[in-house]
Amino acid sequence: MFDLINKMFGKEGTGSKDIAKERLRLVLVHDRVNVSPQFMEVLKEDMIKVISNYMEINERDMEINLTHTNTQVALVANIPVNRMKRGTIAGE
Amino acid sequence: MGEVIVITSGKGGVGKTTTTANLGTGFALLGKKVALVDADIGLRNLDVVMGLENRIVYDLVDVTEGNCRLKQALIRDKRFENLYLLPAAQTRDKTAVSPEQMKELCRDLAQDFDYVLIDCPAGIEQGFKNAIAGADRAVIVTTPEVSAVRDADRIIGLLESEGKSNPKLIVNRIRPKMVKKGDMMDIDDIIEILAVDLLGIIPEDEYIVISTNKGEPAVANPASLAGTAYKNIVRRLMGENVPLMNLEADEGFFGRFKKILGF
C-alpha cells in the first residue's frame with residue numbers, strides 16, 4: 223500500500239546507493255593494497271616463522287606478492303620447500 | 002598555545018574552502034581568536050569566499066620569504082571580532098613554500114590565536130604536504146559520492162603515514178530526500194567504509210551559493226540550515242557534545258501528512 227502511494231507520487235528510488243557502495247568497496251580494496259615494502263617484509267618473516275614449524279623452506283627464493291584482478295586481491299606466495307619436518311603432522 | 006586544524010579532502014570541489022570560512026567565522030562568533038590560512042598557493046579562493054579579496058596587501062609567501070612581518074599580512078575581518086585571514090599568493094606555485102616553513106608559520110600563529118584553520122589545496126602533492134605539516138589535527142571533508150569518498154580514504158591513509166592519526170570527517174552536501182529514496186549513500190554507509198569518527202553533516206543548502214556570491218559566511222545567518230550545521234561542528238570542535246542535526250525535519254507537506262496518518 224505504502225509502496226503503491228510512493229510509486230503514484232513518483233517517489234520510488236532506484237536504490238543506486240547500493241551500487242555506489244559496492245563499487246566503492248571494490249575500488250578501496252585495490253587502493254588500500256598499496257602497502258609499504260616494510261609491511262610485506264614483516265609479513266614474510268612471520269610466514270617463515272610459522273611454516274618453518276612444519277617444513278624446511280628456501281627463504282632466499284621465497285616470493286610473496288599481492289596481485290590484483292578486477293574483482294579481488296590475492297596474496298600469492300611461492301615458497302620452495304626443501305624437505306618436510308618429521309613428526310610434526312601426520313599420525314600425531 | 003592555540004590549536005592548528007587543517008581542512009582537507011583530496012578531491013576538489015567538495016567544500017573545503019566553504020568549510021574553512023564557516024568554521025573560522027563560527028569560532029569567531031563564539032568569541033575565539035581565529036586565523037584562517039589559505040594554503041592553496043596559486044589558486045587562492047578563501048579570500049573571495051570570506052569577502053576579503055579587496056584588502057590583500059601581503060600574502061603567505063611574503064611572510065615565509067621575509068618580505069613582511071606576519072602581522073602585516075594578516076587581514077582583520079571587520080565584521081567579526083578576532084577573525085583574521087592570511088591569504089595565499091596568487092602568482093606563485095606550491096613549491097614556493099616548504100613543510101618546514103609551514104610548521105614554523107603555524108607555530109607562530111598558534112602563539113597568538115585560539116584556532117588556526119588551514120585551507121588545504123586539492124590533491125596529494127606538495128601543496129597537501131605543506132598544508133598538513135604544521136597541523137595538530139585534521140578535518141576531512143567529503144560528499145556522499147563514490148569519487149569523493151574514495152579520495153577521502155586515500156587522504157586518511159596519507160595523514161596516518163605522516164603521523165596525523167584520528168582525523169574527523171565532515172560529510173557535506175547531503176540531500177535527505179535522495180538518501181531516503183536510497184539514491185544517496187547515508188552517513189552510516191560512509192562512516193562504515195572509511196572507519197573514521199564523524200564530526201558533522203552539512204545538508205545541501207542553496208544559501209551557500211548566495212553566501213559565497215556575497216562573501217558572507219552562512220554560519221552568520223541563523224536561517225541557513227548549512228550555517229546551523231557548521232555552528233554545531235564548531236561547538237563539537239570546542240569539545241561540546243552536540244547531537245547531529247535531524248535532516249528529516251524538512252519533509253514537506255506529504256511527509257507531514259504521512260506522519261499524521263501514522264505510517
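From first to last, the protein sequence lines stand for chains A and B.
When we follow this note's numbering, the leftmost residue of the first sequence carries the number 223, and every step to the right adds one.
When we follow this note's numbering, the leftmost residue of the second sequence carries the number 2, and every step to the right adds one.
Ideal Cβ positions, reconstructed from N, Cα and C, are used throughout, including at glycine.
Small disclaimer: the values here were computed from a predicted structure and weren't measured.
Taking a Cβ distance cut-off of 7 Å, strictly less, list which residues of the region 163-190 of chain B are near chain A, in chain order. Lys182, Gly183, Asp184, Met185, Met186 and Asp190
Which residues in chain B sit within 8 Å of Leu250(A), going by Cβ to Cβ distance? Arg151, Asp154 and Ile194
Same chain only: Cβ atoms within 6 Å of Glu278(A), ignoring 5 sequence neighbours per side: Asn304 and Arg305
If you scan the region 45-107 of chain B from start to end, which runs of the alpha helix (DSSP H) of 4 or more residues do you find wholly inside it? 47-51, 61-65 and 71-74
For Phe264(B), which of helix, strand or coil comes out of DSSP? Reliability of the predicted coordinates at Phe264(B) is poor, the pLDDT of 49 falling under 50, and the value obtained from them is presented with this limitation in mind. Coil at Phe264(B), not helix or strand.
Just how far apart, CA to CA, sit Leu250(A) and Val150(B)? 9 Å
If we define contact as Cβ-Cβ less than 8 Å, is Val147(B) a contact residue for chain A? yes
Helix, strand or coil for Pro244(B)? Go by DSSP, reduced to three states. coil
Roughly how many whole angstroms lie between the Cα atoms of Ile156(B) and Ile141(B)? 8 Å
Run of the beta strand (DSSP E) containing Asp198(B), from where it starts to where it stops: Asp198 to Pro204
Going along chain B in order, which residues have a C-beta closer than 8 Å to the C-beta of Val265(A)? Note that residue 265(A) is Leu in the sequence shown here, rather than Val. Within 8 Å Cβ-Cβ: nothing; Leu265(A) doesn't reach chain B, min ~18 Å.
For the region 30-47 of chain B against the region 77-86 of chain B, are there 3 or more C-beta pairs whose distance is under 8 Å? yes
Is the number of C-beta pairs between the region 162-181 of chain B and the region 270-284 of chain A that are closer than 8 Å three or more? no
CA-to-CA distance, Thr96(B) to Asp259(A), given in whole angstroms: At residue 259(A) the sequence reads Pro, which differs from the Asp that was named. One C-alpha to the other measures close to 28 Å.
Whole-angstrom distance between Leu106(B) and Gln292(B), CA atom to CA atom: Since the first residue of chain B shown is 2 and the last is 264, residue 292(B) is not available in this structure.
contact_flag[the region 181-190 of chain B, the region 211-223 of chain B] where n(CB pairs < 8 Å) is 3 or more: no
Would you identify the three-state DSSP class for Asn304(A), choosing helix, strand or coil? strand
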